[in-house]
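Some notes on the structure that comes next.
Chains as they are written, first to last, in this note's numbering: chain A, 439 to 651; chain B, 47 to 305; chain C, 2 to 69; chain D, 6 to 229.
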């Protein structure tokens, strides 16, 4: 009997205003896999990731989580994913530490929070309100979640935007250890990753859309 | 799936093309019916119905005011139900019906208010009174305008549809509450000397044309709704092959007429 | 059933209430007519728009073939 | 994730408002300022003010609540927190209710607490002060819930504020009718518990239904 993949996407189609966004998407992800979504701007990378997080409902096609449709095991599925989108979801009036505490599992200890912030280079900024931090630092606060989360599946939408080279290195190291621990990652980025066995998935804009423009 | 077979009529009903073609066959009949009923009802009501003992001839406005108000309110429920069907079964046609019902309902509500005001002047001596029913009608107008405004506020057709469907549903839950509370508010403030709310018992000769006008307005409403929906279908389905063929055919016909 | 007025003139006047009744009737008929004419206009405009787009598409394809 | 559930969002929104007290206090300031306009605009005569007071206080409270409703989901939508809330592993109605409760605690409750002062300034008879506070406490909670539906529907629109008021004011009408009626009946010396009970019934219905409508609106509309 073939092993059920951790995540299985089958002929996923999304229409917005009667217009198909991309050609049907199908792929499987196993534990330990990292998939990089590629495609030109506006191809629907963000839309695809939001479909996977179930923030959007697909027009047709299915997403299976360990063989079950995610609609049938919704909360179980949501509890095992981590999504970091374009906007960092950081509150300006809260400090870096308060923001990370809010975004991390309840069981996270104070020292784990401090360690995570130190990992992303925010040592010394823990108690600074976020409005006095830069855009790159806001992203770092959001990305510090990667060091506190217990989620198995990571969805990262352009995680390296506004992050410097050194930061990218740290994040990739963390991603590597996540994969080694049996997690999986799906991310969209235009950068080439310095990691082994990155699978690339090319997303194609639907042929409808070219006609329209 | 075989178990879904008895649902096919439902989905066929949801097909814009099926709707467009079927209503296309109905239209000539509906036009005739509407025009005949409206003419008959108006002539009967304005010319043949006996005049009211107290109000004189101004009471003849009732033949427009009551049917129009009736349809204005019924139209809101129709709109909300269409929106709910759209939300639940994701049926595109249903949203189109909802979108078409909004301007018709708003126009009829406006007419109800207008005819009410014109009727009020000779009867009560003033164009506007904060009477329970008039106030409720005014609120209904704003509910309609809200749905319309929300529909067009979104760039995305789909978001507009969903948002106005939700708003229409919220409004539906609210309408009975609004009506009851306005009614209660009115009894609280109503001066004891004037009473408009008690409906005068109508003579049968006056009632028959009213009934006819209500039927005529139903027919009119159906006609207007179908016409608006058909225009909306063409716009939404403009990329479908059958619509393209239709457009080319229409182009040829008009070119033929011109030549 | 009997016609209530002796003459057209009388029917227009309606014993002093004529202008109320006839304003209500006129405005109602105007609005109702608009509700029927407006969708017909939209219907025709949509058809025209689609036809124009199709013709443009055809021209473009024709031009493309000539170039080849 | 820890940030699930009613209390988590309630506490968080309270903390966020506390960090920006100036902004959070603006509905209250609005309420106080508009009450100055009435004697200036109508008449300083205590008799006439007393006659207008029940209705005016309610109209002002309604507008003050409406003013603050727009921001209920807007900042969360802009900074991406709303997206995270939508995919939290739990019933969306719970955090929604938490946020609305926080909104009421920051607007409706302070309005209720300062209303005796406004009553004093507008020469509201003292028998009506308790009914006014009771009706405002219950009524503004209804207003917060109903307003949140409008805020959710318009959250993704850039200029949603004006549209929001068009959508929401007609739905506010039953609340203002029974709210001001409670005060008015107390002024007239009758039993004001009747209108208040109806207001409380409306609040129960709103607590049951509004979070569902808000959650539906956020899911369907904000995502596109």
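Backbone N, C-alpha and C define an ideal beta-carbon position, used for all residues, glycine too.
- Along the segment 269–293 of chain B, the positions whose C-beta sits under 7 Å from a C-beta of chain A are 282, read in chain order.
- Under DSSP, residue 290 of chain B forms no beta bridge with any residue.
- With the criterion set as a beta carbon lying under 8 Å from some beta carbon of chain B, the segment 487–509 of chain A has no members that meet it.
- The C-beta distance from residue 55 of chain C to residue 294 of chain B rounds to 6 Å, short enough to meet the 8 Å contact threshold.
- Between the segment 459–476 of chain A and the segment 526–544 of chain A, the count of C-beta pairs closer than 8 Å stays below three; the two stretches do not touch.
- The closest CA to that of residue 205 of chain D, considering only D:225, D:174, D:139, D:221, is found on D:139.
- With contacts defined as CB atoms closer than 9 Å, residue 443 of chain A and residue 502 of chain A qualify as a contacting pair.
- Residue 643 of chain A is bridged by DSSP to A:460.
- At a cut-off of 9 Å between beta carbons, residue 202 of chain B contacts chain A.
- Counting only Cβ-Cβ distances below 7 Å, residue 5 of chain C has contacts in chain B at 93, 94, 96, 97, in chain order.
- Neighbourhood of residue 524 of chain A in chain D, by CB distance below 8 Å: 85, in chain order.
- Taking all protein chains shown into account, residue 209 of chain D has fewer than 16 neighbouring C-beta atoms within 10 Å of its C-beta and is therefore exposed.
- The Cβ atoms of residue 150 of chain B and residue 25 of chain C do not sit closer than 9 Å to each other.
- Boundaries around residue 502 of chain A are those of the beta strand (DSSP E), 498–503, since no alpha helix (DSSP H) includes it.
- Distance from the CA of residue 5 of chain C to the CA of residue 147 of chain B, rounded to the nearest whole angstrom, comes to 37 Å.
- Of the residues B:176, B:263, B:143, the one whose Cα lies closest to the Cα of residue 159 of chain B is B:176.
- For the segment 220–231 of chain B, the set of positions with a beta-carbon nearer than 9 Å to some beta-carbon of chain D reads 220, 223, 224, 226, 227, 228, 230, 231 in chain order.
- The beta-bridge partner set that DSSP reports for residue 626 of chain A consists of A:475, A:595.
- When D:127, D:224, D:152 are compared, the shortest CA-CA separation from residue 43 of chain D is found for D:127.
- For residue 448 of chain A, the uninterrupted beta strand (DSSP E) run begins and ends at 445–451, by DSSP.
- The straight-line gap separating the alpha-carbon atoms of residue 154 of chain B and residue 114 of chain B is approximately 6 Å.
- Against residue 565 of chain A, chain B offers no close residue; the least beta-carbon distance is about 40 Å (beta-carbon pairs closer than 7 Å).
- Setting aside the 5 residues that flank it on each side, residue 159 of chain D is surrounded in the same chain by 165, 168, 169, each with a C-beta closer than 6 Å to its C-beta; the list follows chain order.
- Per the coordinates, the alpha-carbon of residue 178 of chain B lies some 55 Å from the alpha-carbon of residue 518 of chain A.
- Within the model, the alpha-carbon separation for residue 70 of chain D versus residue 105 of chain D is close to 12 Å.
- Around the C-beta of residue 486 of chain A, 16 or more other C-beta atoms lie within 10 Å, and the residue is accordingly described as buried.
- Inside the segment 70–119 of chain D, DSSP marks no whole beta strand (DSSP E) run of 3 or more residues.
- Look at residue 136 of chain D: its C-beta is not under 9 Å from any C-beta on chain B.
- Secondary structure note for residue 108 of chain B: its alpha helix (DSSP H) is the uninterrupted segment 108–135.
- Around the Cβ of residue 507 of chain A, a 10 Å sphere holds fewer than 16 other Cβ atoms; the residue is exposed.
- Counting along the chain, residue 601 of chain A sits inside no alpha helix (DSSP H), nor does DSSP assign it H or E at all.
- Between the alpha carbons of residue 181 of chain B and residue 61 of chain D lies a distance of about 19 Å.
- The DSSP-derived three-state label of residue 11 of chain D is helix.
- Non-local C-beta neighbours of residue 116 of chain B in its own chain, meaning closer than 8 Å and more than five positions away in sequence, comprise 260, 263, ordered along the chain.
- The criterion of a C-beta distance shorter than 9 Å is satisfied by residue 483 of chain A and residue 595 of chain A.
- For the segment 19–40 of chain D, the set of positions with a beta-carbon nearer than 7 Å to some beta-carbon of chain A reads 21, 24, 25 in chain order.
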